[in-house]
Amino acid sequence: MRVLVTGGAGFIGSHYVRQALTGAYPTLADAEIVILDKLTYAGNRENLAPVADSPRLRFIEGDICDPDIVRESITGADLVVHFAAESHVDRSIAGSTDFVRTNVLGTQTLLQASVDEGVAKFVHVSTDEVYGSIEVGSWPEEHPLEPNSPYSASKASSDLLARSYFRTHELAVCITRCSNNYGPYQFPEKVIPLFTTNLLDGKKIPLYGDGLNVRDWLHVDDHCQGIQLVADAGRAGEIYNIGGGTELNNRELTSLLLDATGTDESFVRPVIDRKAHDRRYSVDITKISTELGYQPRVSFADGLASTVQWYRDNRAWWEPLRERTGHFGR
Ligand code: NAD
164 MRVLVTGGAG FIGSHYVRQA LTGAYPTLAD AEIVILDKLT YAGNRENLAP
214 VADSPRLRFI EGDICDPDIV RESITGADLV VHFAAESHVD RSIAGSTDFV
264 RTNVLGTQTL LQASVDEGVA KFVHVSTDEV YGSIEVGSWP EEHPLEPNSP
314 YSASKASSDL LARSYFRTHE LAVCITRCSN NYGPYQFPEK VIPLFTTNLL
364 DGKKIPLYGD GLNVRDWLHV DDHCQGIQLV ADAGRAGEIY NIGGGTELNN
414 RELTSLLLDA TGTDESFVRP VIDRKAHDRR YSVDITKIST ELGYQPRVSF
464 ADGLASTVQW YRDNRAWWEP LRERTGHFGR
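If you read the sequence shown in my numbering, its first letter stands for residue 164, the second for the next number, and so on.
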């Protein structure tokens, strides 16, 4: 069995690879893992250090928009798990060209190569942000796509392409749409690692707007567990939401991080809200739970405590990356 993992040097992709190579997924126990990653600012070989010596791992540095390198990477793959993307909403507001290129053209390039090479299963990792914003209740998978940022619009576009490759070419595509991930090795421009590393350094944390935007938090390990359930048994052509079950507004999240780092409200610096900032995300996970037996296993209290501890213990990982966040560290 050979698996092509795109974006395997990023936050979620590297977690999936580390888990796959250390026996977390029985169906991948002997699988060879090929990573294709461009190593953008968000990609980091250090994320793979714990498994770097595995004889089952092969790393290819390259762009998913390049048909030649995609072809080389995909040869012999039975399964493609597609994580590679430009993933930060704030960056997409500042400029969206790379988002359209990688997320749309890159996904199409991979889908076409998967058809040409006869790949048996393609898992396209998407986001709940494609649904837009919801005041009350939760989105089922059939909800219309109403993306509000260039990031989520580019992901929605890639979802539609993935669907079309199932309908047109009968490629066995599954789409997953997850909520906000957190955990170790997350690039310190995203809110939990940004706030944690600022607080550990005694710096203020920039809180957008009134701080009442609500997100559902999903530990990266639960997300990857859900992805593997879909890879193993998801029905071709289907979409599966993956959520964590802990909804918090950003003020509540901030309070928990202040407590976890022994700091206080004086560290909070309100900043002007993000443009078109979605108010609330909430996915309905009935489908993946009933069909595939998915349940989040990491409680938010435990997951947040261990994540903050990881950042305490791994300054050598994140301190050099702070240079790369630029003004996206707000
Ligand atoms: P990330 O930004 O940490 O990592 C992205 C990886 O993709 C990096 O290693 C980068 O080098 C690579 N990459 C970017 N452009 C590339 C290209 N053109 N060719 C090859 N590689 C390229 O992202 P992440 O947080 O790990 O997210 C992974 C996936 O999950 C993305 O598709 C994202 O849309 C989705 N997602 C993430 C979250 C979240 O909370 N982080 C939530 C929902 C969905």
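Cβ atoms here follow ideal geometry from the backbone N, Cα and C, with glycine treated the same way.
To the nearest angstrom, how far is it from the Cα of residue i to the Cα of residue j?
i      : j      : result
TYR403 : LEU392 : 10 angstroms
ARG160 : GLU235 : The requested residue 160 is not part of the displayed model; the chain covers only 164 to 493.
VAL446 : GLY173 : 24 angstroms
SER320 : GLU486 : 31 angstroms
ARG500 : THR360 : One cannot answer for residue 500 here, as it falls past the ends of the chain, which runs 164 to 493.
GLN388 : ALA248 : 20 angstroms
LEU323 : GLU482 : 38 angstroms
GLU453 : ILE390 : For the record, residue 453 in the displayed sequence is Thr; it is not Glu. THR453 and ILE390: Cα-Cα distance of roughly 15 angstroms.
GLN275 : ARG326 : 12 angstroms
ARG254 : GLY489 : 11 angstroms
Look at residue i and residue j and say whether their C-beta atoms are less than 9 angstroms apart.
i      : j      : result
LYS353 : VAL431 : no
GLY170 : GLY206 : yes
THR185 : ASP229 : no
LEU421 : GLU428 : yes
ASN266 : ALA439 : no
PRO307 : LYS450 : no
TYR345 : ASP436 : no
VAL383 : HIS178 : yes
ALA183 : ILE175 : no
LEU363 : ARG478 : yes
GLY492 : ILE448 : no
Which residues in the same chain as residue i place their Cβ atom closer than 7 angstroms to its Cβ, once the five residues preceding and following it in sequence are excluded?
i      : result
TRP473 : PRO347
GLU401 : CYS337
VAL109 : In the structure as shown, the chain starts at 164 and stops at 493, and residue 109 therefore has no counterpart that could be examined.
Can you tell me which residues form a DSSP beta bridge with residue i?
i      : result
GLU410 : ASP379
PHE285 : VAL243 and VAL336
PRO433 : LEU370
CYS341 : THR290 and ILE405
TRP302 : VAL446
GLU195 : ARG165
PHE222 : ILE198
Return yes when at least one heavy atom of the ligand NAD lies under 8 angstroms from the C-beta of residue i, else no.
i      : result
ASP253 : no
GLY171 : yes
CYS341 : yes
CYS387 : no
ARG443 : no
HIS382 : no
VAL288 : yes
LYS318 : yes
ALA194 : no
Give me, in chain order, the residues of the same chain whose beta-carbon lies closer than 6 angstroms to that of residue i; leave out the 5 immediate sequence neighbours on both sides.
i      : result
VAL282 : ALA240 and VAL243
ALA335 : LYS284 and ALA399
ILE256 : LYS438
ARG414 : GLY374
If we define contact as Cβ-Cβ less than 9 angstroms, is residue i a contact residue for chain B?
i      : result
SER301 : Here there is only one protein chain, and chain B is not present.
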